[in-house]
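Just so you know, we're using my numbering here: the sequence shown kicks off at 424 and counts up by one.
Even for Gly, the Cβ is constructed at its ideal location relative to N, Cα and C.
Everything numeric in this text was worked out from a predicted model, so none of it was measured.
Here is the structure we will look at.
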Amino acid sequence: LIQLYMPLNILGFAYREIKQGLTDMEEMFRLMRQPREVEDAPGAPALRPGPGELVFEDVRFGYRPDREILKGVSFRVPPGRTLAIVGPTGAGKSTISRLLFRFYDVTDGAVLVDGQDVRDVTQSSLRSAIGVVPQDTVLFNDTIRYNIAYGRPGATDEEVVAAAKLAQVHDFVERLPDGYRTMVGERGLKLSGGEKQRVAIARTILKDPRILVLDEATSALDTRTEQEIQAALNRVSANRTTLVIAHRLSTVVDADEIIVLQDGTVVERGNHGALIGQGGLYAGMWQRQAQAVAAAEAAAAAQAAA
Ligand code: ATP
């Protein structure tokens, strides 16, 4: 067994070393994952300013020609409103956000931001208009301040602190020995998932994008952390066009519109109350989730009592 264990151990060590190096290169890593074929149209202008209207117009798309993932998806998010996309795993939810960022081009239909087709503007201007709070934030091996200010290079200390306060991470930072100069990331202080996410929210608040994409965490956070994050997210999404990619349903209740995606097609749409009333796929998903939450709470209570 020891013979097997040793190489595995070394492998694990090597993996951690490589991962540490890569954390510094998050941006490069992201760029590398982007397909080369998506290029700016010759002489493409920057995205014009606007209030942040987002439209998907009968969008069709497949990663490969033989397998269509989105089969004619249409929706409109008016400026300042929130649209949540729910649906079973593999339905195509994350694919929608990738098309918005133009990591890929649609095969048919169009993605429009403030009336401009994303294929007609520069990718850099498009991406600077969109902020994302990802499921799993990777922090740079640098200070907390750097990690927040990354959202807006040149931000002043006051702006960084104001964003941290809105994201409800300021009090936590103040309690650290070196405050905003505390080193974080793989080689520094390890933050919890909830803390990292609030740093990401502060970064996004500073960036002040006209469209926000919330890629909701699949991993369950404890109730208090979840409430804190939800409060921070509500602040950043207030009056900002927001697309929620919902892997769980807890955050979609207040969305202005929910679309239920199944197998690349929108099968239901409406707000939470309307969809519950329909008694369809969404209502079923909601019921199952409520049961799962109740069962988890009962198990936790039983454990606490033991
Ligand atoms: P989940 O809730 O599990 O995250 P999702 O609804 O976000 O799922 P997508 O990530 O959009 O689903 O994936 C939709 C389909 O596209 C899946 O069948 C997936 O396997 C496939 N897919 C995703 N990314 C790629 C890719 N880069 N190349 C080929 N197929 C892909």
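Bounding residues of the beta strand (DSSP E) (the contiguous stretch that carries residue i)
i, result
"Q685", "E680 to Q685"
"D481", "L477 to F484"
"A533", "D531 to V536"
"G693", "T688 to G693"
"K494", "L493 to V500"
"D594", "Looking at the DSSP string, D594 is not in any beta strand (DSSP E); the run it does join, the alpha helix (DSSP H), is H593 to E597."
"A507", "T505 to V509"
"T664", "T664 to I668"
Span of the alpha helix (DSSP H) around residue i
i, result
"T627", "G616 to K630"
"R550", "Q546 to S551"
"D580", "D580 to L589"
"A719", "L704 to A728"
Any non-hydrogen atom of the ligand ATP closer than 6 Å to residue i Cβ
i, result
"T505", "no"
"A376", "This structure gives no information on residue 376, because the portion of the chain shown stretches from 424 to 729."
"A514", "yes"
"Y573", "no"
"D705", "The amino acid occupying residue 705 in the given sequence is Tyr; Asp does not appear at that position. No, the ligand ATP has no heavy atom inside 6 Å of this Cβ."
"Y527", "no"
"S520", "no"
"I492", "yes"
"S673", "no"
Integer Cβ distance of residue i from residue j, believed to fall under 8 Å
i, j, result
"T605", "T566", "6 Å"
"Q591", "A655", "5 Å"
"R483", "G532", "6 Å"
"I668", "I508", "6 Å"
"T664", "R692", "About 17 Å separates the two Cβ atoms, so there is no contact after all."
Residue i to residue j span [Cα, whole Å]
i, j, result
"A722", "Q714", "12 Å"
"D540", "S615", "39 Å"
"L599", "D677", "34 Å"
"D594", "D543", "43 Å"
"A718", "I652", "23 Å"
"D447", "N570", "Here the model assigns D447 a pLDDT of 44, short of 50, so the residue's position is not dependable and the matter cannot be decided."
"R647", "E618", "12 Å"
"L445", "G611", "Below a pLDDT of 50, predicted positions are generally treated as unreliable, and L445, at 45, falls in that range; the measurement from the model is reported next regardless. Answer to the nearest angstrom: the Cα atoms are 15 Å apart."
"R521", "A729", "47 Å"
Three or more beta-carbon pairs under 8 Å between the segment 468–480 and the segment 528–544, yes or no? yes
Across the segment 544–558 and the segment 478–497, are there enough close Cβ pairs to call them in contact, namely three or more that are closer than 8 Å? Counting Cβ pairs under 8 Å, fewer than three are found: no touch.
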